[in-house]
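Residue numbers for the sequence shown follow the numbering used here, so the first one is 154 and each next one is one higher. C-beta atoms are modelled at their ideal positions from N, C-alpha and C, and glycine is treated no differently. Keep in mind that this is a model prediction, so the values were computed, not measured.
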Amino acid sequence: MKTSPRPSAGRPDVSLYNRLESRVRSYARAMPREFVTAEGPWMHDANGGMYLDFLSGCSTLNYGHNHPVLKDALLRYIGEDGIAHSLDLHTDAKAAFLDELDRTVLQPRGLAYKAMFTGPTGTNAVEAALKLARKVTGRQYVIAFTNGFHGMTLGALACTGNAGKRGGAGVPLSHVSHEPYDGYFGPDVNTADLLEQRLKDPSSGLDAPAAFLVETVQGEGGLNVASPEWLRQIAGLAKEQGALLIVDDIQAGCGRTGTFFSFEQAGIIPDIVTLAKSLSGMGLPFALTLFRPDLDIWEPGEHNGTFRGNCHAFVTATAALRHFWRTGSFQDDVERRSGLLGKRLGQIAARCSEPARIKGRGMMQGIDVGSGELATAITGAAFERGLIIETSGPHDEVVKILAPLTIEDAVLLRGLEILEDAFRAALRPAYGAAA
Ligand SMILES: *Cc1c(COP(=O)(O)O)cnc(C)c1O
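Right, dumping it as structure tokens:
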């Protein structure tokens, strides 16, 4: 078993990218390597370097790179000339996916959702959810939350908090009210109470909402966690107001927080759920909007997209659900690993001389080090040591760990050891003084 990364020395020539690729590229700037192959938690670059991936395509590779079961299913399907593209025609690949989703995910959880295949990106699933909520309720306003992230197309971007991202829109982003997320004013203020008071006050100026759009753990927004009580209160409030509850589970879903859906622990049943990122299990583009059957008032083709039937993604998604989710053993593994992760991060945070605190839930945890500068120095030092890891939060102040859910415990611990080294290097000489 491989346990240690071996980063390549020196910087490769990236002049081709500088000359031909737009300035809009981002991750490649902090990690200027040219990657060629990957398996499990490992990525290999063109110079023989080997890296441990604690970014996992921002939670798109929950089962690691090129998982053999998924890869074999896809290779077999292609080898047999399976349909690659079919618009939204019926295909055996789609049938197998719908059947597996129903049998393995929906039925055991008592969920009766209809599945809508949108264009293949997460933002498209969010657009579909917003359109449907507005169509069903006849209302325009949507309640979104501070630090929420929902995608880059205009409807989803209007629900996204980040000013830098919003600035790219070039037109007004409207019909959304950004309300304080759980904990926004500290532990003593229940922001759901504040929202409730305003929604019930006919003179508050808040229009009746079509939907509440919420992440249970804010992936890009800094790993803020909504408590089960807060989520239940928000769900109750949506119902009372005749609004639909949309849970954006694009990053937190597919097992990232421990259960298949991130809202399971709260015991709520959203009216609409969006999934994407790890849904295909192999990094293939695939997004899905799930909703209560009685909400299905779409006209045929009213929201469509050329790539709604990504059959290769259907094949790998089906294999992933079958392999990882038919029994509870994978979930048990993830829970144990999450415990290891939390414990080790707690040790690292306690040894920091600067105030540092753990955030997040499940395999979606990180350390808030108080400044983007420090967090970026830490992730930079980690990359020099062969660990791929990113920041999150409004000021990039959270070092965010998104290791594959399938990572062996020993490799996870090795990665966290490297992370601790990076903390030590970035905080020198003060790291460890507080231990
Ligand atoms: C990544 C993400 C999106 C957008 O998905 P894309 O595939 O990038 O369009 C939406 N919501 C959440 C919570 C996300 O993490």
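Cβ-heavy atom distance, LYS288 to ligand 1, below 8 Å: On the sequence shown, position 135 is the one that residue 288 refers to. No, the Cβ of LYS288 stays beyond 8 Å of every heavy atom of ligand 1.
Quick test of the definition: if touching needs 3 or more C-beta pairs under 8 Å, does the segment 545-561 touch the segment 514-527? By the criterion of at least three beta-carbon pairs nearer than 8 Å, the segment 545-561 is in contact with the segment 514-527.
Which of the three DSSP states, helix, strand or coil, is assigned to HIS238? For the purposes of this step, residue 238 is taken as the residue at position 85 of the sequence shown. Residue state, collapsed to three classes: strand.
Please state the DSSP three-state secondary structure of SER482. Here residue 482 is taken as the residue at index 329 of the sequence shown, counted from 1. SER482: helix per DSSP, three-state reduction.
Go through the segment 206-240 residue by residue and report every complete run of the alpha helix (DSSP H) that reaches 4 residues or more, in order. 209-212, 221-232
Buried or exposed: which applies to PHE444, given that a residue is buried once 16 or more other Cβ atoms fall within 10 Å of its Cβ? Residue mapping note: residue 444 aligns to position 291 of the sequence shown, counting from 1. PHE444 counts as buried, since at least 16 other C-beta atoms from the protein chains shown sit within 10 angstroms of its C-beta.
So, with DSSP's three-state summary, where would you put PHE460? Position 307 of the sequence shown holds residue 460. PHE460 carries a coil assignment under DSSP once its states are collapsed to helix, strand and coil.
Please list, in chain order, all residues of the same chain as GLU573 whose beta carbon is under 6 Å from its beta carbon, the five residues on each side excluded. The residue you call residue 573 lines up with position 420 of the sequence shown. These residues qualify, in order along the chain: ILE501.
So, GLY280 versus GLY304, is the Cβ gap smaller than 9 Å? By one-based count along the sequence shown, residue 280 stands at place 127. By one-based count along the sequence shown, residue 304 stands at place 151. In the sequence under discussion, the amino acid at residue 280 is Glu, which differs from the Gly named in the question. GLY304 is positioned such that its CB atom lies closer than 9 Å to that of GLU280.
Under a three-way DSSP split, which group does GLN293 fall into? For the purposes of this step, residue 293 is taken as residue 140 along the sequence shown, with counting starting at 1. GLN293: coil per DSSP, three-state reduction.
I need the straight-line Cα distance from LEU569 to LEU498, nearest angstrom please. What you label residue 569 is simply residue 416 of the sequence shown in a count that begins at 1. What you label residue 498 is simply residue 345 of the sequence shown in a count that begins at 1. Roughly 8 Å between the two C-alpha positions.
Keeping to the same chain, check which residues put their C-beta closer than 8 Å to that of THR487; ignore five residues upstream and five downstream. For the purposes of this step, residue 487 is taken as residue 334 along the sequence shown, with counting starting at 1. According to the sequence displayed, residue 487 carries Val and not Thr. Excluding residues within five positions, the ones whose Cβ falls inside 8 Å are GLY408, GLY411, GLY515, MET516, LEU558.
Is GLY304 near ligand 1, in the sense that its beta carbon is under 8 Å from a heavy atom of that ligand? By one-based count along the sequence shown, residue 304 stands at place 151. GLY304 Cβ: within cutoff of ligand 1.
Does the beta-carbon of LYS430, which I'm using as the reference point, lie nearer than 8 Å to any heavy atom of ligand 1? Here residue 430 refers to the residue found at position 277 when the sequence shown is read from its first residue. Yes, Cβ of LYS430 sits closer than 8 Å to a heavy atom of ligand 1.
In three-state terms, what does DSSP make of PRO381? Residue numbering aside, residue 381 sits at position 228 when the sequence shown is read from its first letter. If DSSP states are grouped into helix, strand and coil, PRO381 belongs with the helices.
Could you check whether the Cβ of ALA591 sits closer than 8 Å to any heavy atom belonging to ligand 1? Outside the modelled stretch of the chain, which goes from 154 to 588, sits residue 591, for which no answer is possible.
For ligand 1, any of its heavy atoms closer than 8 Å to the Cβ of CYS211? Walking along the sequence shown from the start, residue 211 turns up at place 58. Yes, since a heavy atom of ligand 1 falls inside the 8 Å radius drawn around the Cβ of CYS211.
Could you tell me which residues DSSP pairs with THR190 in its beta bridges? Residue 190 sits at position 37 when you count from the first residue of the sequence shown. BP columns for THR190 point to HIS197.
Going by other Cβ atoms of all chains shown within 10 Å of its Cβ, with 16 needed for buried, is ALA587 buried or exposed? As a first step, residue 587 is located in the sequence shown; it is residue number 434 there, counting from the start. Its pLDDT being 47, under 50, ALA587 is placed unreliably in this model, and the value from its coordinates should be taken loosely. Answer is exposed; the Cβ neighbour count stays below 16.
Starting from ALA594, follow the beta strand (DSSP E) in both directions and report where the run begins and ends. Examination of residue 594 is not possible in this model, given that the chain is present from 154 through 588 alone.
My understanding is that LEU347 touches PRO333, with C-beta atoms under 8 Å, so please give their C-beta distance in whole angstroms. The residue labelled residue 347 in the question sits at position 194 within the sequence shown. The residue labelled residue 333 in the question sits at position 180 within the sequence shown. Confirmed, about 7 Å.
For ligand 1, is there a heavy atom less than 8 Å away from the beta-carbon of ASP401? Taking the first residue of the sequence shown as position 1, residue 401 is located at position 248. Checking every heavy atom of ligand 1 against the Cβ of ASP401, one is found closer than 8 Å.
Proximity to LEU259 [Cα-Cα], best of GLU417, HIS220, LYS155, GLY291: Mapped onto the sequence shown, residue 259 falls at position 106. Nearest C-alpha to LEU259: GLU417.
According to DSSP, simplified to helix, strand and coil, what is THR276? As a first step, residue 276 is located in the sequence shown; it is residue number 123 there, counting from the start. In the structure shown, THR276 sits in a helix (DSSP, three-state: H, G or I).
HIS328 to GLY321 span [Cα, whole Å]: Working through the sequence shown from its first residue, we reach residue 328 at position 175. Working through the sequence shown from its first residue, we reach residue 321 at position 168. So the two alpha carbons sit approximately 18 Å from each other.
Would you grab the beta carbon distance between MET184 and ILE541 for me? Rounded to a whole angstrom, and I think it's under 8 Å. Counting from one through the sequence shown, the residue named residue 184 turns up at place 31. Counting from one through the sequence shown, the residue named residue 541 turns up at place 388. The C-beta distance from MET184 to ILE541 rounds to 6 Å, short enough to meet the 8 Å contact threshold.
Kindly provide the ranges of any beta strand (DSSP E) runs that are 3 or more residues long and lie completely inside the segment 362-407, ordered along the chain. 362-367, 397-401
Short of 7 Å in beta carbon distance, which residues of its chain neighbour GLY163, apart from the five on each side in sequence? Order them along the chain. In the sequence shown, the residue the question calls residue 163 occupies position 10. There are no such residues.
Identify whether SER161 lies in helix, strand or coil by the three-state DSSP scheme. Stepping through the sequence shown from its first residue, residue 161 is reached at position 8. Residue state, collapsed to three classes: coil.
Mind checking which residues open and close the beta strand (DSSP E) that includes GLU543? Counting from 1 along the sequence shown, the entry for residue 543 is found at position 390. Its beta strand (DSSP E) spans residues 543-545.
Could you round the C-beta distance between VAL289 and LEU397 to whole angstroms and report it? I think they count as a contact, below 8 Å. Here residue 289 corresponds to residue number 136 of the sequence shown, with the count starting at 1. Here residue 397 corresponds to residue number 244 of the sequence shown, with the count starting at 1. At roughly 7 Å, the Cβ-Cβ gap stays under 8 Å, so VAL289 and LEU397 are in contact.
How far does the beta strand (DSSP E) with VAL564 in it extend, from its first residue to its last? Here residue 564 refers to the residue found at position 411 of the sequence shown. Counting along the chain, VAL564 falls outside any beta strand (DSSP E), though it belongs to the alpha helix (DSSP H) covering 562-580.
Hey, would you say the C-beta of ASN171 is under 8 Å away from at least one heavy atom of ligand 1? The residue labelled residue 171 in the question sits at position 18 within the sequence shown. Result no, Cβ not under 8 Å from ligand 1.
Check this for me: beta carbons of ALA473 and LEU223, under 9 Å apart or not? Start at 1 with the first residue of the sequence shown, and residue 473 comes out as number 320. Start at 1 with the first residue of the sequence shown, and residue 223 comes out as number 70. Yes, they are a contact pair.
Rounding to the nearest angstrom, what Cα-Cα distance links GLY275 and ALA309 in this structure? As a position in the sequence shown, residue 275 is number 122, starting the count at 1. As a position in the sequence shown, residue 309 is number 156, starting the count at 1. For GLY275 and ALA309, the distance between alpha carbons rounds to 9 Å.
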